[in-house]
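Quick note on numbering: our numbering labels position 314 of the sequence shown as 328, and the sequence is numbered without any gaps.
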Amino acid sequence: MADERMRVIEIARPGGPEVLTPAMRSRPEPGAGEVLIAVKAAGVNRPDVIQRMGHYPPPPGASDLPGLEVAGVVAAVGEGVQGVGVGARVCALLAGGGYAEFALAPQQQVLPIPEGLGFEAAASLPETAFTVWTNIFDRGRFKAGESVLVHGGTSGIGVMAIQLVTALGGRVFATAGSPEKARACEALGAVRGIDYRAEDFVTVVREATEGRGVDLVLDMVAGDYLIRNQQACAVEGRIVMIAMLQGGRPPVDIMTLMAKRLTLTGSTLRARTSDQKGEIRDALLARVWPLIAAGRIKPVVHATFPLDQAADAHRLMESSAHVGKIVLTL
Ligand SMILES: NC(=O)c1ccc[n+]([C@@H]2O[C@H](COP(=O)([O-])OP(=O)(O)OC[C@H]3O[C@@H](n4cnc5c(N)ncnc54)[C@H](OP(=O)(O)O)[C@@H]3O)[C@@H](O)[C@H]2O)c1
Numbered sequence: 015m016a017d018e019r020m021r022v023i024e025i026a027r028p029g030g031p032e033v034l035t036p037a038m039r040s041r042p043e044p045g046a047g048e049v050l051i052a053v054k055a056a057g058v059n060r061p062d063v064i065q066r067m068g069h070y071p072p073p074p075g076a077s078d079l080p081g082l083e084v085a086g087v088v089a090a091v092g093e094g095v096q097g098v099g100v101g102a103r104v105c106a107l108l109a110g111g112g113y114a115e116f117a118l119a120p121q122q123q124v125l126p127i128p129e130g131l132g133f134e135a136a137a138s139l140p141e142t143a144f145t146v147w148t149n150i151f152d153r154g155r156f157k158a159g160e161s162v163l164v165h166g167g168t169s170g171i172g173v174m175a176i177q178l179v180t181a182l183g184g185r186v187f188a189t190a191g192s193p194e195k196a197r198a199c200e201a202l203g204a205v206r207g208i209d210y211r212a213e214d215f216v217t218v219v220r221e222a223t224e225g226r227g228v229d230l231v232l233d234m235v236a237g238d239y240l241i242r243n244q245q246a247c248a249v250e251g252r253i254v255m256i257a258m259l260q261g262g263r264p265p266v267d268i269m270t271l272m273a274k275r276l277t278l279t280g281s282t283l284r285a286r287t288s289d290q291k292g293e294i295r296d297a298l299l300a301r302v303w304p305l306i307a308a309g310r311i312k313p314v315v316h317a318t319f320p321l322d323q324a325a326d327a328h329r330l331m332e333s334s335a336h337v338g339k340i341v342l343t344l
């Protein structure tokens with residue numbers, strides 16, 4: 015198998031979408047505990063854009079190719095792999111290497127394709143499901159009946175967060191950059207979409223909760239949102255940071271932090287160990303995959319592009335015109 019070649023998309027150098035370059039590479043072989051997937055579809059994520067720009071290097075040992083999630087068919091398994099065999103239809107979370115005809119995944123990061131879904135829909139799930147689960151539930155300690163403010167409500171992360179929290183008994187407020195996107199958040203289940211260009215989310219959330227505020231905030235913006243998130247929180251509220259689209263060293267209001275007994279936390283997914291990701295995978299299989307199979311959480315694929323047009327997929331993502339996920343097809 016080592017001599018066989020595969021089509022990939024390389025990042026030729028840090029830069030704009032045009033640096034995404036079709037190339038040929040050797041097909042990888044699965045090592046112990048690894049699964050080789052013949053990729054049928056690969057999800058595009060904002061971290062791929064940040065990596066392409068040169069600001070998010072792959073963790074040690076990961077592929078230098080972009081691509082954090084795929085769906086496809088198992089082509090080979092390495093020594094010691096259990097529970098998944100050649101020919102199985104799977105999707106997987108990767109630390110890199112998804113923009114390729116074949117991708118390697120540690121077995122702990124491989125999931126069956128939820129019943130009733132095709133490859134494109136399945137490829138749109140792993141990165142957002144893993145990220146939302148671990149941040150809302152593990153870090154954010156969400157419980158049914160709580161209210162959650164989701165920033166970037168129409169992002170790939172946002173569409174998963176709105177649906178998952180709603181399905182598990184939460185009330186979601188979601189911000190987005192236009193009135194149409196705010197309504198799209200409501201169509202996904204948010205009790206109120208907030209057009210942040212026209213409305214102040216702190217005011218909206220406080221009014222809608224009779225001054226109490228929300229229990230949890232999932233934030234990818236940072237910058238001046240951090241102090242406003244504190245203002246939007248209820249007593250004992252939790253703020254979970256997953257990105258910093260508007261700057262990573264914002265001021266914190268210590269008085270409000272103390273007075274409301276807030277928790278400020280956050281995490282990154284990519285650099286965590288396969289065993290840690292395996293624990294999240296097990297929670298997803300038990301709690302989230304049945305909701306997807308039952309149609310209570312629906313993959314939201316905004317657009318698909320052939321692998322060779324990955325640059326156009328990145329252009330669309332950077333325009334922020336999308337609602338939900340962008341997927342590459344093979
Ligand atoms: N920590 C982790 O483990 C982890 C894992 C995966 C992703 N992430 C992060 O989560 C975020 C969402 O990822 P994604 O793949 O879902 O991306 P995406 O679909 O491209 O969504 C990004 C969203 O952010 C909004 N946005 C863009 N620039 C902004 C700015 N300067 N200020 C405010 N909002 C802005 C856009 O919505 P509007 O146009 O409506 O503003 C857009 O919908 C990314 O920042 C990504 O890096 C973190």
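Ideal Cβ placement from N, Cα and C applies to all residues, glycine included.
If I measure Cβ to Cβ from R295 and keep anything under 7 Å in the same chain, skipping five residues before and after, which residues do I get?
The residues are Q122, Q123, L125.
Is M67 helix, strand or coil by DSSP?
coil
Mind checking whether D233 and M255 have CB atoms under 8 Å apart?
yes
As a quick exercise: from L259, D78, G227, pick the residue whose alpha carbon is nearest that of Q65.
D78
Would the beta-carbon of V302 fall within 8 Å of that of V341?
no
Strictly by DSSP, which residues pair up with K339?
V315
G30 to R60, Cα distance in whole Å?
13 Å
Inspect the beta-carbon positions of S334 and G111 and report whether they are closer than 8 Å.
no
So, for R197: in the same chain, excluding its five sequence neighbours on each side, which residues have a beta-carbon less than 8 Å away from its beta-carbon?
Leaving aside the five residues that flank R197 on each side, the residues in its chain whose CB is nearer than 8 Å to its CB run, in chain order, G207.
According to DSSP, D229 sits in a beta bridge with which residue or residues?
Paired residue(s): none; D229 is not in a bridge.
Under a CB-based cut-off of 8 Å, is L342 close to chain C?
The structure shown contains no chain C; it is built from a single protein chain.
With distances taken Cα to Cα, identify the nearest neighbour of R286 among M38, V337, T180, A76.
The residue with the shortest Cα to Cα distance from R286 is A76.
What's the C-alpha gap between A90 and F133?
18 Å
Please say whether S281 and P120 have beta carbons closer to each other than 8 Å?
no
Could you tell me whether the Cβ atoms of T142 and I171 are closer together than 8 Å?
yes
Just list the residues that DSSP pairs I25 with in beta bridges.
L34
Give, in chain order, every unbroken run of the alpha helix (DSSP H) that is at least 4 residues long and sits entirely within the stretch 251-306.
268-273, 288-297
Determine, using beta-carbon pairs with one atom in the stretch 39-51 and one in the stretch 325-333, whether at least three such pairs fall under 8 Å.
In short, these stretches do not touch, since the Cβ pair count stays below three.
Once DSSP output is grouped into helix, strand and coil, what is the label at G81?
coil
Grab me the residues of E200's own chain with a C-beta within less than 6 Å of its C-beta, minus the 5 sequence neighbours each way, in chain order.
G207
Please classify K157: is it buried, with 16 or more other beta-carbons within 10 angstroms of its beta-carbon, or exposed?
exposed
Judging by CA-CA distance, which residue of G130, V49, A102 is the nearest neighbour of E355?
Limits of the chain in this structure are 15 at one end and 344 at the other, which puts residue 355 out of reach.
Any chance the CB of E293 is under 7 Å from a heavy atom of ligand 1?
no
Taking Cβ to Cβ, would you say V179 is nearer than 8 Å to V173?
no
V216 by DSSP, collapsed to three states: which one?
helix
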